[in-house]
Structure formats: C-alpha cells, structure tokens
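Worksheet for the structure shown next.
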C-alpha cells in the first residue's frame, strides 16, 4: 500500500497545501462477473494538485476513474469527498457533487453547436424556461477565451465539423465551465495537437492554483513529467505506489508499471539499401483541398512515418493510397505501376498487395461481437474456401500461425473479439492484415491507447516485418514513435510535405518545428519544461 | 448469444421459445385433446412452413441490419408470374418453367432491393416499402389488363399441398431451405460476410469485404425465399391471388426477432427463427381455435413479443 | 372555370329530397333499382343538360373484385350508347386511406364534376364531404359498401339478408338435417360488412337451436381461410356445413386436403370456388355482389342528372346459384383465372349490365 | 453565412422545393386551378400524416423509431369518436382525455424501450398491435360521433384565405420550436447524435428517450383527433399504412434514421409530398389500373432523392453514414 502523505514536503510550489485530502478512497474493489478490475484500493488526493495516474492498460486506472465519475459502481469500499461520503449514481450525480470527468472516448455531441455542447449540462434559460442561445454563446466564448483558444473556435459551428483536436478542447471546456472540485482527464490530451497542448496545460495549472484537484491519466510520459505534481502507479487492479513527480527515474517508473524492467522500447533500426526500387511512389497527390500535391516514396524494408499537427492530411494520404477517398488527383504507383484501388479490398489479392490498418479498432478494424477466429480471417477467408465454402481445417491452421506470430493471448478463439484486452484487439487487427501477405503496410496510429508492453511488441513486429522486406508507412500522433521507430519521417503541414527527416535530423525538436511550420519552435514542449 | 459461431445452435431464445411453445401445446391440449393428434400437428407444421420460409429470408436481411418490407407483393408477384407462365405453357413438364420464372422474379426483386439499399444508400425500410408499392402497381396493371392464369404447376401443387407419410411436403421444403440457409450462414464466406456487414458495415469495407455485393446477395436470398413461399402458397391454395402475402410480413419479422436475432444486425441464430415461427404459428392457431376475438389476439401477440424479447434483453444485461 | 362555378352555385339550391311514397312507383328502372325494405324516400335532382362529367372514386387497390369493377365501368362507358351522356369519366383508386378518398371526392367537387360515384372505405366518414357536395351541387352515389347517410343515393346489397336469408338459409336447407356443427369463416374484423354479415347468419341460425356455430377469422383471404379451416377441421374433426364470407376456395381446398366428407358449403362467387363446388359436386351456394355494381351506379348517377327519381337506398338483387344449377361458362369459367368474379353483372338491370369475360378483358386491354 | 445555413439545411430545403414543384404542377393540371377549396382539400388530406410525421421525427431524432404511431392514432381516433362530442365542456374534456391517451401510449413505449432495454422497432411493433387491439375493443366497427362544429372549423378555411388544416400544420412547427429550445428537446437531439456522449455528459438520457416517445404519442393523438374531425367518426383500422408513410415522410424530409440531425419542417414537407403524389392522379388522365404503378414509381423516385448526397461524397466511407 502506498506510503501516506510522504510526498507532502516535496509538493511543488504553487500547489495548495491542505491538511486533509479532498478525495479519499478506502478498500475500493470492482469486479465484472468473475474478472477483478480493482482490488482493495486505498487512494488519497488533495485539492490544488495535479495528480497523475499511471499504469498499463488493464491496470484499473480507467475503472477507478469511472467509479469516481459515477459511471460504474464499486463492489466494495467507500469514498469520501471533502469529508463526506460519496457514492454517485450517474455522471450527472457526480457532477452535482463536484466531480467532472473527461473521458477517453469523446462525449461531445456531434449534432449540437460548440456553444450548446459547452453549456450542455446546465444551459442558461430565459424566463420561459427555454434555452437562452445568446447567453449560451457568450458563456461558451468566455470560457474558450479563458482557455486561450477563443480565437480558434467559432461557437456557432456544429461539433461534427470540427477537427478532433478542437473537439477535445470543447470537451475540456465543457468540464471547466462547471467549475468542478475534481477534474478527471482520462487520456483527454491524447488527441490534442501540439499547438493545442500549451493552452490546455496552462489552463490546468491555473485551475490547480485555484484549488482544483486534477486527476490525470496519460500514456505520454513527457506530459506527466511536465504537468503532474504527484503520480500514482497502478498495476493489475492494485495501487502500487504514490510519489512526487521527479522522485523516480523513468526506468523505475516503467518497472513499477510493468512489474518487470523494460530493456528497450524501440528495436534498433537498420539500413535500407538505396539501390532497391521503391515499393510505393506517390506523385502530386491532391484531394478535395486537403492534400495539395504530395510526393513521397517508400522503399521495401523501410518504415516511414507521417507526422505533424493533427488533421494536416496525414490520414488522408494513407486513405487515398488505399482507395478510400474519391476524386483523388496525382499518381500512386506500387512497384512502378499505377495503383487504382477502390478500397482496402483491392489490396488483398493480386501481385500488388497492400493493407491498411485503420485508425480506430472499435470503429473500423474489428467486428466486436464476432468471434476472434472470424475477425482474424476476415480478409483472407477466400484463400481457404472453395466455391465459397470455408474449410475449417485450413482456417484453423492459418489462425494458429497468426496467433503464434503475434502472440495474441486468447482463451477461446470462438469467443467474441470484444472479450480481448485493447492491446490484443489491436494485435488481431494487425494480424488479420498481415495474413494477406502485403508488401505495403499502411498503419494509422496503431498504438493509440495501448499499454507500453504491447506497444513494444508491436514495434518489434513492425521492425521485423520491415527486415523481411515490407514497406511500411505509419501515421502517428506520438512524436516519440516517429523518432524511435521510423527510418524516415515526413512532416505534413496543410496538405504538403513540410520536411523529410531522417537519421540525426529526426529529432523531436525538428519534428515540432516543422509541424508548426516555423523556422524556430517557440512553444515547443521542451521549452515548457 | 454473442458467440455467433458457437457449436450448439440451441441458444437461450431458442430454448425459451421451445418451452413457451410446449406450454402452449400443453394448455391447448388440456382444452382440446385433438391438439396432440398427428393431423393437428402436421397441420401446424404446414402452416408454419410457409411462414418459416418467409422468416428464413427475413432473417438474412435482418442479420444485415436491414429489413425487407417488400415481402407481401414479392410473394404475390412470384406466384402470379409463375401461374401465368404455367397458363401460357400448360404441358406437364414445360409448365415447370413457371417455377423458374417465379424464382427469377424473387431474385430480381431482391436485386432491386439490394441495389437501392447498397448502392443508392436509401434506408431499407423506405426503399423496400417503395418497391413493394411498385410491385403492387405492376401486378394491378397486368392482371387488370390480361386474364392471367392463376393455376399452379404440378410441382407447385405437389410441394404446396401434397403429403408424404402424412407429413406435408411443404415441411420438407422448409427443412431443405433451413439446411441450405444454415449451411450458408455457418460454413460459407458469404455467411461470414453477412454477419460482418451486419455487425458494422464500415469495418467490413475496411476489412476488404465487398459490402455492397453482400447486401445485394442478402436481399436476393430474401427475395427468393419470398418467391418460394408465394409459389408454395399458390400450390397450397390451388391458385395465385392478390394480396396473398399480406399476412406474412409482420409475423415473419416477429418470428426472427422472437428468435433472438437483433434488428441492428450481426447477431442471431437460425434455430431461434425456427422456434419463433413455431411459436407464432401455434399461438395463431390456438387463438383461432379458441375463437378469441381479433382484439384479444392482437393484444396477446403484443404482450408475448414484449415479454419474450424483454426477457432476452434483460437477461443478457444482468447475466 | 367561371362557368363551372356558376353552374355549381345554381344547382346548389335545386338538389332535393322528396318524401313522397306515391312517387316510388315512378322511379327509374324499378326492376333494377329496387328500394330497400322500408325505404320510402326517393331522391331526385333538378335535370341538367348532358353530356356529363362523371367521376368514380374507388378505395382499396390490389383486389380483383375492384379491378373487375373498374374494367366493367370502362367497358360499359365505352359503348356508343353511353357516349352521348358521358363527356368525361374519371376513375381514381385512392387506397385504404379515408383522408385520401375524401380529398379525391372534394377535388372532383371543386373541379365541377356533375356526379361522383364511390365505394366508401368506411361507412361513417363521409358526412362532411356529403354536405360539401350538396352545397356545390354535385351528385354523389355510393355503392357496395353502405354509407351512413340518407342524403345520397346508396346502392348496396343488404348484407344481413345476403349472408343470412340467402346464403345461410340455403346451406341449412342443403344439410341432411339442420343440426350439428357449422363452421363460420368471417372476414376482416373491424369492418362493418363483416359485422352485418355475421348478424345475418346469426339471425337465421337462431331458428335452429341444434346447430352449433364455430367462428374463425379468414380475413377474406384464400390462404388464410384455408389455414384456419384446416386448423378447425384438425381440432373439431368434422363439420356438418361451412359458411364462408370470401376467399372460400380456401374452404374447399381445406376439405380436400384433410379428406373432409362432402358437406354443404356456402361461399363467394370467385371462379375458383364455384369451379371447386361444381367439379367435386359439393352441395352449396355461391352468393356474391357483382363488380357490375360499378356501371349500375354510374347509370344511376346519369339518371339522377337527367332528372329521374330513384329510391334513396337501392338494394340490388343478390346473385346466387346453388351447386345443382351451375353451368360452365355461365356460372363458372374454366378458362378464366380463379380470381375472376363469375357474376359479371345484374341481369335484372338490362342486357347492357352483363358482361362477358372477353368483353372485360379485351376492352381494357385494347383501350388505353 | 447564408450559404452555410443553406448548406446545413440542404435536405429539408430540397424536400420543400420538390413539394413546391409538385403543388405548382398539381394546380396547373387542376381544372379549378388555385382556389381556397382546392387548397383546403389538399391540405386536409395531408394534415393527419404531417402531424404523425412530426411525432415520428422527434422519435427518430432521438435515434428511435415508433412503429406504433399509426395504431396510437387509430386508438385516439376511436377514443375521440366516443368522447369528443356534446357541449363545449364535454368536448374540451374529451380532447384532453384523447391527448392524454396518446401521451400514455407514448409513455408505455418509452418505458418498454428504456426499462425493458428493447430495440425500438420491435418494442413499438408489439405495443402497436396492443394499441390496435384496444382500438378494436372500444370501437369494433367504424362509427361514433364527433363534434360537427369542431369538424367544420378544422376542416374548413380561415376567412376564405387559408385552410385551417394548414394553420394546424404550421402550429405543429410552432409547437416544436419551444420544445427544441428546451432542455428536453436538446437532450433528445443529443441522445440521437451520440447516446454514450450524452450519458457521459450527465444528460438525462432515459428521460429524454421517454420524452420523445411521449411527444410522439401526443402528436399521434392530435393526428387521430384531426382524422376524427375530418371523418366525424372513429375507425380502428386506419393505423398501419400511416405508420410506414410517417417514416417515409421523415426520410423524404431529409432526417436521417440514424438520429441526431433532422428537421420537423422537412418531415412535414415529406408528408405533404407523399399526399400530393396521390393527387397528381386526379386530373392526369392516367389509366385507372396503372395508377398504383404510377404512385409506386413516383414514391420510388422521391425516396431516391436521398441518393443525391452520394454524388457529393469525397470519401467512400461516407456512404455508410
């Protein structure tokens, strides 16, 4: 169990010191059926602090936050908030008590305006009891200006029309406007682009200084180091340790999270032979005003990263290659001949095979209620079927090889894929596409929301595939990944390739500088630290 | 229920319905001992078979997350065209061309339905409603203008009204349709793809599935099932007649849903559909024999559906 | 357009209902337009010059009887004798929506049509539109389904007599002895003719206390009738007679399929049913209204426009034929579809009110 | 700004444009042309469906569907034929009872769906048969009696200028506006747009869903009342075709069945389009036996307008939305 209050002395300047914790959890447990998600957790957090919660996926962080937010109810234990017993029955109930949660899955309403979303919980009313649109818009503008992003967002637009990062801002504004005692951010910064990170971190610090407790879940170590006052580490549903930020080294932290040490996250890179013919070459790619003439090449054996601020066209490049977009200009060639795909299905067979691992496994990658087996063989079932009749035996062989290759941990292949953990689900998505034996692999943010252990497995797999001669192109929002994993990174800005970075030039500093389209990067995240 | 490819096909809805049906038989049999007589049971199987064939097709479409409201006039159209062709060429074997013509009508209607839903992206509930109206219009037009023969072919009569070992032949047709459908759903790539498209069509597209083709195929299967039911019904009634399918649309959908298939698509077992058909058939028959007033029948139907389906969903939630 | 409006206005005051019993004898074609029992009012409008613009508003679509009715009207109106009276004949099918039917009638009133004949989808819904027609001077004629209004001419079978005194009585008479179980196959519930017909049957069977009636609902649909009849046979074993409203081919089919002994069957006049009675020599009776009501109603409308008087409620004779009297190509047509209505018209209304199958089919196929 | 507003309301505007075209065409072939009588007949026959379409749209906005809306209309129509007659006080009480019945039916739907956790399609299909059964009990065959004064008032015109029924339709739009601006209305839209997000945002999801069905029930009862005024009677069998047509009206009006985005006004246009299609037959000299085919084809074309968005599609994924 964590040593209580040890960190008090070392709490950072600016954090309010208070004798009693604002939030106190004792003996919290939660199990779903037979599966234990949390076991006897004691946890304290005080007002006026930014408290990071760390742990692998499945460590129980999200369950804990859901309990606090009133989404799920604990099976055991008690919570006190500000000295009073606290057992919320719904998010609305939690909010009334002063705890507001920003979830990993966005909860903005696409078909409502930004202003309506920000004021969703408690809109201003006219004397007739109807919603006062004018005041609502004013309130929304005020809170956005307070957050320092007022100039970027038109509050009358529908949220559906905003890019992901801005929707995330709306999500945060929605919580902030309620002036909570406790603000919970569950991976709430993962979708923010670099330019949006700064106002948000500034805001969080300001809220902290005003006395708010901020509970913060993130997989981005930088962010935690830059922002958090206190960190708590969870593993396997238990609370392992709480320490003041900066008092542990990265290795120690990783070891605490994994329960074992992590030798090296990224596999070593290896040299591509420049003489080989490019697997993929793209010239003058244009689409719908979002892509403005992209040229790029990917060699066999190479991992090329696409980076930059969110929404600059990176995803669209991959989608255009896979044939998902319509009205694409320019030429896309594989092995020197034009590729005119009409969708991922066109990459499954023939001599120019490609595979696209889509962005969101829940939305585009998996059939959650269908069996693991059916998911794994979705693109390739024709290869072991005759006249459309599936040979179970041939399928079983293929599936066994896939499970083996990606080390997917599954009890029963006939169970729905939704019973797997997030990391294993992502492996299923990748595995099903590797089964088509593509020579070009396109990935969109394959490690988002995945724990560090699985991330590492995926990095190794990608590197091994590259060594076997695959050409790999990956779009990632994580700059660490661009630096650590990729041989080359293309930084996209406003639908154009702003820079191509490789070797020693491939550094976080350079990425950021080019992503912001600046000669220098004044707001780089290093500068904040 | 979630285990789509689970080994045992007898899932919770199937078992619950079979129990409910048995209960109905027991209660009915207590009132009317004839309920356990072979002729009565055979009669129920016969009535159920027509509904069962319609429900088989409806299930495929519902698994895809869609709905086919064109069943009534597809049945009528297939039967009318079949008997009309029989009338043109009444020679014994040649007249069976009518059956092929009827099946072709069903497939064509299914293809049009599938085209609108898959390619034009019109909600199936509206598109199939419109195709149903168009079919009615075509039939009114032609049967109003020409004296189309309404006599079924020998094969249609034999399958629709004949019996073998005192079991109605149409039951064998139902069994055959069921086996084929079960095989398609469980052992073919098309079956897998039907479940995939029904679960989440964007994911199917991103997995390289030609989802539009699968949708069209699903609606074609449904159209053929409706056509078969229509022609068998013509064989049973000894004639084709207008509005012959009106009484099969909603019970067909209800049977599928009672059988535990989700109207959102992607989830459901065929055994449940079969059980649902039997339950509805028995219920209709028993209420009819009891001379229940129409109002009471409707209320009983509604209550039974709400109770059964509510039971599945609550059970799934709290288990 | 102005002219139409002016004419409508001038006629508005002239529509008249005359309650004068002696005038009954002088009504138009009294052999055909027989007053309903107890009806003493006659209906008469100011004569106006022809030729007339006439509309026919049908309700349900997709029913062979209705289609044949439309064909009969067209066949009749196309005859040269009618041409001088009919300037325009418009036929509309509105489907089962009563609002659409009311709107259709309203539109024809607005457009200044002289007479509008209609089959009401619901007997009680037309009070308001009848008032509007009266105001505008349009002549309304309802037929087949009765309308609950005495202000318009109603041509309708007497459904209780139809099902009771004629069909039920005949079936009972053909039974070996008036006792045992009789299966009554009813029509769509919630429909007024189903109720009237059921009342007629009950009225007759009340005289035979030894007859037990089993009721099932066949929805006037052959397949459903067959299913419920077979069910009933499976449960009750054997019946001594069947009385069916419509879709009665289902009854004979069920009898054949279950090997039910031959007993009297009362039913409709669809070709398939009549053929089945005749072919298997099942004692029974075919009773039906004829789609020929259509032209009969149109002719009544023309007569009213010409200033003739008619009884306010007309009961057409109920065509019926017992099995013993059936003849091919008279009472049934081996070459026609089973859904063909065998009673093509009303002989008592004149030769021009009976149609051969060829005439019905050829006319409409050749015309538009 | 104007262009953005137009684009945002593209689909309902298209529906209104189509309707305008149909009306102009209809009036041009009508022998009487534009007159208050023609207009009244036209708007009277569309009103019941328009009111139903409003109710259906509210449910669809919450990402539900109400297949019992026709039976509720039939049931309330039958109630009205018993209750809405006599003196003014009796009529007023009768109307309140009828509307309350509609609301109660909607409440039952909402409860079955929310508490029973059933799919709306099947739940309302089942409750719909129950409502039809009850309608048959309270009025076994069409008939009854409805205040003639009200009937004349509602099926007539206002000062010889505007059909009353058109005012009723406009009233339905006007009634929706404050609902839309209320917290309940916003929550209905939010739930339809993203239920999980609405729940996570602390909105009262269940209440909003139930509220949507109750509102649908209320509009269905208004529709039942209007049919009563139009026909002066109650009829238990009018429901089924109205249910499907109300959904067709919603779709033609540009509201997606997937919820969230849509407009009441569009659905009303959709309802009037459906009814005007039938009117085109009146003076179009179409062979009577070809009329059902003509109507079917026009419906097919009308619903195909929804496919126009595919032409503007820049990503193949958009097709699945």
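Chains as they are written, first to last, in the numbering used here: chain A, 20 to 548; chain B, 405 to 723; chain C, 401 to 768; chain D, 144 to 464. Every residue gets a Cβ at the ideal spot worked out from N, C-alpha and C, and that includes glycine.
1. Please check if any C-beta of chain C sits within less than 8 Å of the C-beta of residue 443 of chain B.
2. Does any residue of chain A bring its CB to less than 8 Å from the CB of residue 327 of chain D?
3. Name the residue from C/749, C/583, C/452 whose alpha carbon lies nearest to the alpha carbon of residue 694 of chain C.
4. Within the continuous alpha helix (DSSP H) that includes residue 680 of chain C, where are the two ends?
5. What are the residues of the segment 608-623 of chain C that lie near chain B, defined by any Cβ-Cβ distance shorter than 8 Å?
6. Cα separation between residue 565 of chain C and residue 697 of chain B?
7. Quick one: is residue 394 of chain D near chain A, going by C-beta distance under 8 Å?
8. Using only the alpha-carbon positions, how far apart do residue 569 of chain C and residue 604 of chain C sit?
9. Who are the Cβ neighbours of residue 388 of chain A in its own chain at under 7 Å, not counting the five residues just before and after it?
10. For the beta strand (DSSP E) that residue 205 of chain A lies in, which residues bound it at each end?
11. If you reduce the DSSP assignment to three classes, tell me which class residue 427 of chain D lands in.
12. Could you list which residues in chain D have their beta carbon closer than 7 Å to that of residue 127 of chain A, in chain order?
13. Indicate the three-state DSSP secondary structure (helix, strand or coil) for residue 250 of chain A in the structure shown.
14. Does any residue of chain B have a CB that is nearer than 8 Å to the CB of residue 423 of chain D?
15. Would residue 205 of chain D and residue 334 of chain D qualify as a contact pair, given that the criterion is a beta-carbon distance under 8 Å?
16. Taking Cβ to Cβ, would you say residue 478 of chain C is nearer than 8 Å to residue 451 of chain C?
17. Since residue 181 of chain D and residue 507 of chain C should fall inside the 8 Å C-beta cutoff, what is the C-beta to C-beta distance between them, to a whole number of angstroms?
18. Sorted by chain position, which residues of the same chain lie with C-beta nearer than 6 Å to residue 358 of chain D's C-beta, five sequence neighbours on each side aside?
19. Could you name the residues of chain B that residue 453 of chain D contacts, counting a contact when the two beta carbons are closer than 9 Å?
20. Residues of the segment 254-280 of chain A with a CB closer than 8 Å to any CB of chain D: list them in chain order, please.
21. Are residue 465 of chain D and residue 219 of chain D closer than 8 Å when you measure CB to CB?
22. Can you give the Cα-Cα distance for residue 226 of chain D and residue 281 of chain D, rounded to whole angstroms?
23. Would you say residue 257 of chain D lies against chain A (beta-carbon separation less than 8 Å)?
24. So if I threshold CB-CB distances at 7 Å, which residues from the segment 429-461 of chain D count as touching chain C?
25. For a quick check, are the C-beta atoms of residue 510 of chain C and residue 184 of chain D less than 8 Å apart?
26. Would you mind sorting residue 313 of chain D into buried or exposed? The rule is 16 or more other CB atoms within 10 Å of its CB.
27. Would you give the residue range spanned by the alpha helix (DSSP H) that residue 696 of chain B belongs to?
28. Can you give me, in chain order, the residues of the segment 448-461 of chain C that have a beta carbon less than 7 Å from any beta carbon in chain D?
29. Which residue from C/673, C/474, C/760, C/437 puts its Cα closest to that of residue 682 of chain C?
30. According to DSSP, is residue 311 of chain A part of a helix, a strand, or is it coil?
31. Output needed for residue 2 of chain A: all residues of its chain with C-beta closer than 8 Å, excluding positions within five of it in sequence on either side, in chain order.
32. So who's on the other strand from residue 377 of chain D, going by DSSP bridges?
33. What residues in the segment 328-357 of chain A bring their beta carbon closer than 8 Å to a beta carbon of chain D?
34. Quick one, are the C-beta atoms of residue 446 of chain D and residue 531 of chain B less than 8 Å apart?
35. Taking 8 Å as the CB-CB cut-off, is residue 522 of chain C touching chain D?
36. Count the other C-beta atoms from every protein chain shown that fall within 10 angstroms of the C-beta of residue 445 of chain A, then say buried if there are 16 or more, exposed otherwise.
Let me spell this out:
1. yes
2. no
3. C/749
4. 671-680
5. 614, 615, 616, 617, 619, 621, 622, 623
6. 25 Å
7. no
8. 7 Å
9. 435, 437
10. 201-205
11. In this structure, residue 427 of chain D counts as coil in the three-state DSSP scheme.
12. Here the neighbours are 340.
13. strand
14. Look at residue 423 of chain D: its C-beta is not under 8 Å from any C-beta on chain B.
15. yes
16. no
17. Rounded, the Cβ-Cβ distance is 7 Å, consistent with contact.
18. 201
19. 523, 524, 525
20. none
21. Residue 465 of chain D falls outside the range modelled here, since chain D spans only 144 to 464, and no answer is possible.
22. Approximately 11 Å between the Cα atoms of the pair.
23. no
24. 430, 431, 432, 434, 435
25. yes
26. exposed
27. Looking at the DSSP string, residue 696 of chain B is not in any alpha helix (DSSP H), and its letter there is neither H nor E.
28. 461
29. Looking at C/673, C/474, C/760, C/437, the one whose alpha-carbon comes closest to that of residue 682 of chain C is C/673.
30. strand
31. One cannot answer for residue 2 of chain A here, as it falls past the ends of chain A, which runs 20 to 548.
32. D/286
33. 338, 342, 343, 344, 345, 346
34. yes
35. yes
36. buried
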